[in-house]
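Going down the list, the protein sequences come from chains A and B. For the first sequence, this note's numbering begins at 1 and goes up steadily by one. For the second sequence, this note's numbering begins at 1001 and goes up steadily by one. In what follows, a structure is listed as structure tokens, so that the remarks can point back to it.
2 protein chains.
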Amino acid sequence: MHNCEIICVGTELLLGDILNTNVRFLSKELAAMGIAVLHQSVIGDNSERLANELRAALSRSDIVITSGGLGPTPDDLTKEVCCEVMGFELAQDDSVLEDIKSFFNKKGICMAGSNNKQAFVPVGGTVFRNANGTAPGAAMEKDGKCLVLLPGPPRELEPMFIKQVKPFLKKYSSGVIISHTVRTMGIGESAMAELVGDLLDNQNPTVAPYAKDGEALLRITAAAVDEESANELCLPMLDEIKSRLGSYVYGVDADSIQQRVVELLSQKGKKIALAESCTGGYIAKRITDIPGSSAVFGCGFVTYSIEAKNKIIGVCAETLEKYGAVSEQTAGEMARGAREAGNADIGIGVTGIAGPESDSSNLPAGLIYIALADKDRTFVDKLITGRSNDREYNRYVASSYALNMARLYLEGFLGGLYG
Amino acid sequence: MHNCEIICVGTELLLGDILNTNVRFLSKELAAMGIAVLHQSVIGDNSERLANELRAALSRSDIVITSGGLGPTPDDLTKEVCCEVMGFELAQDDSVLEDIKSFFNKKGICMAGSNNKQAFVPVGGTVFRNANGTAPGAAMEKDGKCLVLLPGPPRELEPMFIKQVKPFLKKYSSGVIISHTVRTMGIGESAMAELVGDLLDNQNPTVAPYAKDGEALLRITAAAVDEESANELCLPMLDEIKSRLGSYVYGVDADSIQQRVVELLSQKGKKIALAESCTGGYIAKRITDIPGSSAVFGCGFVTYSIEAKNKIIGVCAETLEKYGAVSEQTAGEMARGAREAGNADIGIGVTGIAGPESDSSNLPAGLIYIALADKDRTFVDKLITGRSNDREYNRYVASSYALNMARLYLEGFLGGLYG
Chain A
1 MHNCEIICVG TELLLGDILN TNVRFLSKEL AAMGIAVLHQ SVIGDNSERL ANELRAALSR
61 SDIVITSGGL GPTPDDLTKE VCCEVMGFEL AQDDSVLEDI KSFFNKKGIC MAGSNNKQAF
121 VPVGGTVFRN ANGTAPGAAM EKDGKCLVLL PGPPRELEPM FIKQVKPFLK KYSSGVIISH
181 TVRTMGIGES AMAELVGDLL DNQNPTVAPY AKDGEALLRI TAAAVDEESA NELCLPMLDE
241 IKSRLGSYVY GVDADSIQQR VVELLSQKGK KIALAESCTG GYIAKRITDI PGSSAVFGCG
301 FVTYSIEAKN KIIGVCAETL EKYGAVSEQT AGEMARGARE AGNADIGIGV TGIAGPESDS
361 SNLPAGLIYI ALADKDRTFV DKLITGRSND REYNRYVASS YALNMARLYL EGFLGGLYG
Chain B
1001 MHNCEIICVG TELLLGDILN TNVRFLSKEL AAMGIAVLHQ SVIGDNSERL ANELRAALSR
1061 SDIVITSGGL GPTPDDLTKE VCCEVMGFEL AQDDSVLEDI KSFFNKKGIC MAGSNNKQAF
1121 VPVGGTVFRN ANGTAPGAAM EKDGKCLVLL PGPPRELEPM FIKQVKPFLK KYSSGVIISH
1181 TVRTMGIGES AMAELVGDLL DNQNPTVAPY AKDGEALLRI TAAAVDEESA NELCLPMLDE
1241 IKSRLGSYVY GVDADSIQQR VVELLSQKGK KIALAESCTG GYIAKRITDI PGSSAVFGCG
1301 FVTYSIEAKN KIIGVCAETL EKYGAVSEQT AGEMARGARE AGNADIGIGV TGIAGPESDS
1361 SNLPAGLIYI ALADKDRTFV DKLITGRSND REYNRYVASS YALNMARLYL EGFLGGLYG
């Protein structure tokens, strides 16, 4: 398997002014082609440091890809430094010069003299013409090493890579790498890792746990000559993992828990309504993130005040008085109230202390009650997030938990696991 | 000036699975402290490659910061490799072990055995305890070099850096760089740049326009020996910019438009209620992002369906029939209905086509009506986002626009500018 590294050139990256989306794009594309990226780095617009980095990269990797530093100004020096390190000459390319001139013509402006230098390309190299800007890309091959130069702006780099560089690099590709992600809810990363502990040593496919936004995920990655064979390697592993993790799994390669909930509601022809207190509209926002959610979601209530809980969705004044706004009982009545006032099949009620501080109730921040009601039953769960001072986290996790409760209900697990 | 480099550890970064936001965060913070970042790199979970990168980094830089690879699993090896390269021993730290145990206790779970290794810290180093996770950070200083280890999850890394690492690195800082951001709403980046065009050439402070999430911002940056002198350089420039941009400016260094709206409502002792259709709870979510928003926000209605608009907040059936759910008239009735049903001083109503496709109305996606009602008046505005297929953008921009309308109303501009 050939390996590769990526060098992004730009002082704006070192200053943290912009996010490095190029490196992510290139890494993802290369991984899918079966080219292993072992190293990514960022260097400022400095010829000595760039030359050193290039030499180090070429000594340990077969392919080196740079992005950025191909512009018309004097501090754009990637092309010059790369040619020096690889031992290639630069010469003007007439068709590239025409590209640049016509790029400006289309905008009704004359080409500035400084753009002239962008028409210089490595003699004996491969040129990637730029349909979306003025800097051409290039590749130089020598002594079993390949150096590829790409422009910095993503809207130039991405189409150039897909249309020209990918076919060019095909000869270095060793089959494909396919990844699938098993997404779970309701189980921590370490507890999940224990359930599948012995699988984490597997070689092809590999199985790796990671945590993201309060969810535990498992990534299954297989390398093979083609997509079909790679998927054949993954499938038995996916089945094994799904059977071990059972109802914790909400999807494989699924976009999000809200996507899954909207899908399940559509499949079952059911409507959901919401009464949110501490999540303050977050669940409604996440459900309506999904195009087409209007078929399963008609309305939600953000009942933030006690008065709203009572007047708008009919939580009893006595319940609020006796048990408090943050209680199992209030959550249950909110779920039933949302269901009725919203004329839906299922109602969800969420009430808790989002933080960062407690309120007059003196209950701890991060304590949240989540309820689901259908025509006959009400399920209530208590969540303690463990991050009392993190309002955003508490609200996000509470909304995820509520969405997962809807998922479990729709899949027939609620009552078994939670009842 | 001391120089620094950042090494992020994680195979998920090399695979392009996630964007590297840590490196941007750290680079920005270090630049502001007057510490030059000359190199950023990413290495997989591989001890040999990490050790090589650390040695190269320590040979050319004064400070090296790593992120990631401090987790409980066997492939988390940053701490072990760093200690080996720097010549430090690892030993268990009892207070860190207590931190980890209590982190799990708060969640009502027992600590897994594998988390034990996270309680090991470099002997003779500095420990940064982790308030938001289980992996402590650490720093080792030797022979004029400083190596700092930080956990990978941004929720853990960011507060640890701000609260503990920044004060620790103060001794390496040379002077300060201070930035202030003027935030505007309702004006595009180029139109804003024209109003302040001559200021963009200024040297210290510099003035730079940029666009973010549909807002136009101006960053004013000054370098000086200390914070006070840097601020003295900034202040006259800030005043000049504010006077030129007038009511477009909603804040300087303000966190967000929702923060400003909650502040203004609190100051004026007013309550707001919402009726959201296409934004689906996004405005409620953003208002309730702000701690203490319960004092000014009692309830919101997500009236996604036509039935909900009519039954829950009393939009007339004739209005819905005659003008449609997405219309000036419906938006106005939604604002008045939210105000009344929510028992508030101000009501906001938002209805439109979020996209990515139109609905049966055949109105274009990205067309949104936004209304504000008080006791006597109703203001309605029409927004065309220009990005018909970007649902997230349309929803975000519509919610920002609604929040800005509330801001302008509360600052006394509505009726003047919009009426």
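Where is the CB? At the ideal position from N, CA and C, for every residue including glycine.
Using 8 Å as the limit for Cβ to Cβ distance, is residue i near chain A?
i, result
"residue 1020 of chain B", "yes"
"residue 1340 of chain B", "no"
"residue 1072 of chain B", "yes"
"residue 1103 of chain B", "yes"
"residue 1305 of chain B", "yes"
"residue 1404 of chain B", "no"
"residue 1291 of chain B", "yes"
"residue 1139 of chain B", "no"
"residue 1247 of chain B", "no"
"residue 1161 of chain B", "no"
"residue 1301 of chain B", "yes"
Could you tell me whether any Cβ in chain B is nearer than 8 Å to the Cβ of residue i?
i, result
"residue 1 of chain A", "no"
"residue 418 of chain A", "The predicted position of residue 418 of chain A is uncertain, since its pLDDT is 38 and thus under 50; a value taken from the coordinates is nonetheless stated next. Chain B contact via Cβ: absent."
"residue 167 of chain A", "no"
"residue 43 of chain A", "yes"
"residue 107 of chain A", "no"
"residue 158 of chain A", "no"
"residue 193 of chain A", "yes"
"residue 25 of chain A", "yes"
"residue 182 of chain A", "no"
"residue 288 of chain A", "yes"
"residue 155 of chain A", "no"
"residue 352 of chain A", "no"
"residue 356 of chain A", "yes"
Considering only residues of the same chain and omitting the five flanking positions on each side of residue i, which have a CB-CB separation below 7 Å?
i, result
"residue 1204 of chain B", "1222, 1223 and 1233"
"residue 153 of chain A", "133"
Could you pull out every residue in the same chain whose Cβ sits closer than 6 Å to the Cβ of residue i, ignoring the five residues on either side in sequence?
i, result
"residue 1354 of chain B", "1278, 1391, 1394 and 1395"
"residue 264 of chain A", "410"
"residue 44 of chain A", "11 and 14"
"residue 401 of chain A", "370 and 383"
"residue 1114 of chain B", "1072"
"residue 260 of chain A", "250, 251, 254 and 407"
Excluding the 5 residues preceding and the 5 following residue i in the sequence, name in chain order all residues of the same chain whose CB lies nearer than 8 Å to its CB.
i, result
"residue 1414 of chain B", "1372, 1379, 1405 and 1408"
"residue 1025 of chain B", "1154, 1157, 1158 and 1161"
What three-state label does DSSP hand residue i in the structure shown?
i, result
"residue 1372 of chain B", "strand"
"residue 1077 of chain B", "coil"
"residue 1168 of chain B", "helix"
"residue 278 of chain A", "coil"
"residue 203 of chain A", "coil"
"residue 1067 of chain B", "strand"
"residue 1034 of chain B", "coil"
"residue 41 of chain A", "strand"
"residue 389 of chain A", "coil"
"residue 3 of chain A", "strand"
"residue 1418 of chain B", "The predicted position of residue 1418 of chain B is uncertain, since its pLDDT is 38 and thus under 50; no value can be drawn from it."
Can the beta-carbon of residue i be found closer than 8 Å to that of residue j?
i, j, result
"residue 1295 of chain B", "residue 1338 of chain B", "no"
"residue 1258 of chain B", "residue 1213 of chain B", "no"
"residue 1370 of chain B", "residue 1270 of chain B", "no"
"residue 1019 of chain B", "residue 21 of chain A", "yes"
"residue 225 of chain A", "residue 175 of chain A", "yes"
"residue 399 of chain A", "residue 282 of chain A", "yes"
"residue 272 of chain A", "residue 348 of chain A", "yes"
"residue 1064 of chain B", "residue 1090 of chain B", "no"
"residue 1389 of chain B", "residue 1356 of chain B", "yes"
"residue 1386 of chain B", "residue 1367 of chain B", "no"
"residue 1168 of chain B", "residue 1126 of chain B", "yes"
Exercise for the section: Taking 8 Å as the threshold, find out whether the segment 1045-1062 of chain B comes into contact with the segment 1185-1192 of chain B through three or more Cβ pairs. Expected result: no
Exercise for the section: Please confirm if the segment 83-93 of chain A is in contact with the segment 21-36 of chain A, defined as three or more CB-CB distances below 8 Å between the two stretches. Expected result: no
Practice task
Could you tell me whether the segment 1298-1314 of chain B touches the segment 299-310 of chain A, where touching means 3 or more Cβ pairs closer than 8 Å?
Solution key: yes
Practice task
Would you check if there are 3 or more beta carbon pairs closer than 8 Å linking the segment 1094-1113 of chain B to the segment 1157-1174 of chain B?
Solution key: no
Problem - Contact the segment 58-72 of chain A vs the segment 142-149 of chain A: 3+ CB pairs below 8 Å - result: yes
Handout entry: Meets three-Cβ-pair contact criterion under 8 Å: the segment 309-328 of chain A and the segment 1316-1326 of chain B
Key = no
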